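Taking it in order: structure first as structure tokens, then the write-up.
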Amino acid sequence: LKVSKVVDNVYAIIGPIDDRSYENDGLNNNQAFIVTRDGVILIDSGASRKGAERIEKAIADVTKTPVKWVINTGSQDHRWLGNGHFAARGAEVIAFEGTVATQKKVAAGQMEALAKTLKDRFEGTTPVHATRLLQDSPTPLTLGAESLELRLTNAHFPDDSMVWLPKHKVAVTGDLVYVDRMLGVHDTSSVQSAWEAWQELVKLDPVLIVPGHGEVCDMAKAKRDTGDYYDFLVNVIGKAAQDMEPLDEVIAAHADMPQFKHLKHYDTWHRTIMSRTYLQFEGQ
Numbered sequence: 015l016k017v018s019k020v021v022d023n024v025y026a027i028i029g030p031i032d033d034r035s036y037e038n039d040g041l042n043n044n045q046a047f048i049v050t051r052d053g054v055i056l057i058d059s060g061a062s063r064k065g066a067e068r069i070e071k072a073i074a075d076v077t078k079t080p081v082k083w084v085i086n087t088g089s090q091d092h093r094w095l096g097n098g099h100f101a102a103r104g105a106e107v108i109a110f111e112g113t114v115a116t117q118k119k120v121a122a123g124q125m126e127a128l129a130k131t132l133k134d135r136f137e138g139t140t141p142v143h144a145t146r147l148l149q150d151s152p153t154p155l156t157l158g159a160e161s162l163e164l165r166l167t168n169a170h171f172p173d174d175s176m177v178w179l180p181k182h183k184v185a186v187t188g189d190l191v192y193v194d195r196m197l198g199v200h201d202t203s204s205v206q207s208a209w210e211a212w213q214e215l216v217k218l219d220p221v222l223i224v225p226g227h228g229e230v231c232d233m234a235k236a237k238r239d240t241g242d243y244y245d246f247l248v249n250v251i252g253k254a255a256q257d258m259e260p261l262d263e264v265i266a267a268h269a270d271m272p273q274f275k276h277l278k279h280y281d282t283w284h285r286t287i288m289s290r291t292y293l294q295f296e297g298q
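The numbering used here numbers the first residue of the sequence shown as 15 and each following residue consecutively.
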């Protein structure tokens, strides 16, 4: 795993932007950690026990301070299925109440799918949920003089969130921001909510972003790779759906978007994302 220093005592663990695989232990996403005098705050725990062990080793290469908190920003497998490894070592797991509710709904399907992909490397993985449940957004949290806020985004999965570090002006966005690759829109996603959360991120005006996928970046890159695409989905595809323009004509008219072709998976996902967005906005 690649560890990148973001600022001072804040680090990002950068995963590949390929699909989940046996070789990458399902860690095709980013985590982050904050070293405080009272312990490490880990943001997202990986997709398996084995993946969590790899994250733990990556942290140990930077600091011998133990992981005190694990914060889950979402319900996708690689955001939380490593919780058990850290909880067994005494870490407190923290998430929004709604995030945990979503995790419980999707856990069985995620476990089944990952067992097929990770095979023997998935052994020992069990779903473990947060014991400190948050309700209000934003919720301020402080450990070892490091203050952060957990803010709901409702983007990729219901009750997904991002972490804001006001002192450093750093945002750890979870699956709200993707750079270097196409953002994800699944049946569970809300393009409207993601777009609104993006507007809130713009208001925060972070200096640096640890995206859910891709390299640490500034807002200019995040806007080019994510924000502009959200604008396109809402203002072009969403509006076309609300205006009852035929789906096939809308997809054909916008199949070629040169400004997004630099993003990995563009050729395979762009049409699908437009279609899913259209269906979300249809009839609104």
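Note that CB positions come from ideal geometry on N, CA and C, so glycine has one too. Please read these numbers as outputs of a predicted model, since none were measured by experiment.
Within the same chain, Ile48, Val49, Thr50 and Glu160 come within 8 Å of Asn23 by CB-CB distance, once the 5 residues on both sides are set aside. Note on geometry: alpha-carbon atoms of Leu293 and Glu210 lie some 18 Å from one another. Around Lys19, the same chain offers Tyr25 as residues with beta carbons nearer than 6 Å, after the five sequence neighbours per side are excluded. Within a 10 Å sphere around the beta-carbon of Lys64 sit 16 or more other beta-carbons, which makes this residue buried. Asp194 and Ile28 have their alpha carbons spaced roughly 12 Å apart. The DSSP assignment places 233-236, 242-246, 253-256 and 261-267 as complete runs of the alpha helix (DSSP H) inside the region 211-282, in order along the chain (cut-off: 4 residues).
In the displayed model, Val76 falls within coil according to three-state DSSP, outside both helix and strand.
In this structure, Val184 lies away from Leu164, with their beta-carbon atoms at least 8 Å apart. In the three-state reduction of the DSSP assignment, Tyr292 falls in the helix class, which pools H, G and I.
Annotated three-state conformation of Arg34 is coil, per DSSP.
Ranked by Cα distance from Ser151, the options Glu229, Lys278, Phe136 and Ser175 are led by Ser175.
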